[in-house]
Structures are given as C-alpha cells and as structure tokens.
Amino acid sequence: MPWLSRASSSTPEPAQRVSPLTKERVAAIFDERGWRYSEDDDGDLTAVWDGDFFSYLLRGDNNEILNVLGYIKEDIPMTRLDEARFALDEWHRDHLWPTAFWRENDDAGLTFSIGAAVAIDWEHGVTDKQIYLQLDCAMSTILKCFDDVRSRLGMEQPS
2 MPWLSRASSS TPEPAQRVSP LTKERVAAIF DERGWRYSED DDGDLTAVWD
52 GDFFSYLLRG DNNEILNVLG YIKEDIPMTR LDEARFALDE WHRDHLWPTA
102 FWRENDDAGL TFSIGAAVAI DWEHGVTDKQ IYLQLDCAMS TILKCFDDVR
152 SRLGMEQPS
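According to this note's numbering, the sequence shown is numbered sequentially starting from 2.
What follows is the structure, given as structure tokens:
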C-alpha cells in the first residue's frame with residue numbers, strides 16, 4: 002500500500018473559511034495585485050485590460066454571484082456579423098468558458114460588439130483563494146477568447 006502512505010505523508014494546506022462575497026473583498030484583491038480599477042455610477046468595479054473594457058458585477062438576491070464581463074474594444078461593422086457568429090461558435094466548440102456573445106451597439110444598427118463572461122454563484126460563501134481563481138480564470142480565458150475572435154476576423158491584436 003505505498004500509494005496510501007504517499008498520500009497521507011503530505012501536509013494539507015490549512016482550510017480557509019468561506020464568507021459572503023462582497024465588492025470590498027474583490028477590490029482588496031485588486032489592490033493587493035496592484036490592478037488599476039474604478040467604480041462606475043452603479044457601484045460596479047470596472048477596469049481596462051489591453052484596451053478592452055471589463056466589469057466585475059455582483060448580482061443575485063444577496064450579491065452572491067460574481068460575473069466577470071468583458072467587451073472587446075473594437076466596434077465591428079454589422080456586415081461582419083456572420084463571420085463573428087461563426088468565430089463565436091468555433092470558440093464554444095472547443096471551450097467551456099467564457100460564454101462569448103455579440104450585441105448590437107446603439108448606433109442605428111451599424112456596428113456590434115463582442116463580449117464574454119464568466120459567472121459563478123457563491124451562495125454558500127467563498128474563500129479569498131476561490132475569488133483569486135475565478136478572477137484569474139475569467140481574465141485569462143476572456144482575453145484568450147478576444148484574441149481568438151480577432152484572429153479569426155483578421156483584426157489587429159492589442160499590443
């Protein structure tokens with residue numbers, strides 16, 4: 002039974018207690034990492050990464066859902082919507098997240114934007130480490146999705 006002795010010989014990390022998700026906890030993680038962010042008129046945290054706009058939304062009856070939502074910086078002409086839909090379908094074929102989508106902009110139907118989101122319901126509480134993991138997963142996969150869409154549409158990658 003060597004596999005049992007190996008498994009029991011390591012010391013597990015001390016358990017962290019879960020506590021309710023709050024905007025202040027998310028902001029504290031941003032501060033700890035030195036990330037620049039602001040708060041919009043609705044009280045949501047926002048930031049810009051590689052020129053793309055991100056919101057960190059707490060939703061649900063008790064603000065227990067953290068939704069990391071990003072929008073690509075470029076407005077894309079509606080004439081390219083079919084290409085973009087294909088690019089989004091291809092992304093979803095190979096990736097579980099983020100959920101990527103398009104939305105029509107408020108310019109009389111001339112352009113649309115690409116967005117992506119990673120939302121997790123922390124109804125029973127969350128540790129700081131879990132918030133870190135969600136932010137890392139959301140940011141990296143959303144930016145990777147945007148790079149993939151830009152590549153498929155022949156758009157310039159952010160520098």
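Here a beta-carbon is modelled for each residue, glycine too, at the ideal position from N, C-alpha and C.
When Cβ pairs closer than 8 Å are counted between the two stretches, the stretch 118-128 is seen not to touch the stretch 79-92, the count staying below three. For residue 53, the pairing in a beta bridge is given by DSSP as 50. With contacts defined as CB atoms closer than 7 Å, residue 112 and residue 77 qualify as a contacting pair. For residue 159 and residue 70, the gap between their C-alpha atoms comes out near 18 Å. Here residue 24 is near residue 59, since their CB atoms are less than 7 Å apart. Separation of the CB atoms of residue 98 and residue 142 is rounded to 6 Å, and the pair is thereby assigned contact status at 8 Å. Rounded to the nearest whole angstrom, the C-alpha separation of residue 15 and residue 130 is 12 Å. Closest in alpha carbon position to residue 43, among 134, 56, 157, is 56. As computed with DSSP, residue 66 is found in a beta bridge with 60, 122. Residue 109 and residue 79 have their C-alpha atoms roughly 10 Å apart. Going by DSSP, residue 85 is part of the alpha helix (DSSP H) stretching over 82-95.
Counted as a single uninterrupted DSSP element, the stretch harbouring residue 18 is not any beta strand (DSSP E), since DSSP gives it neither H nor E. The beta-carbon distance between residue 48 and residue 37, rounded to whole angstroms, is 6 Å. This is short enough to meet the 8 Å contact definition.
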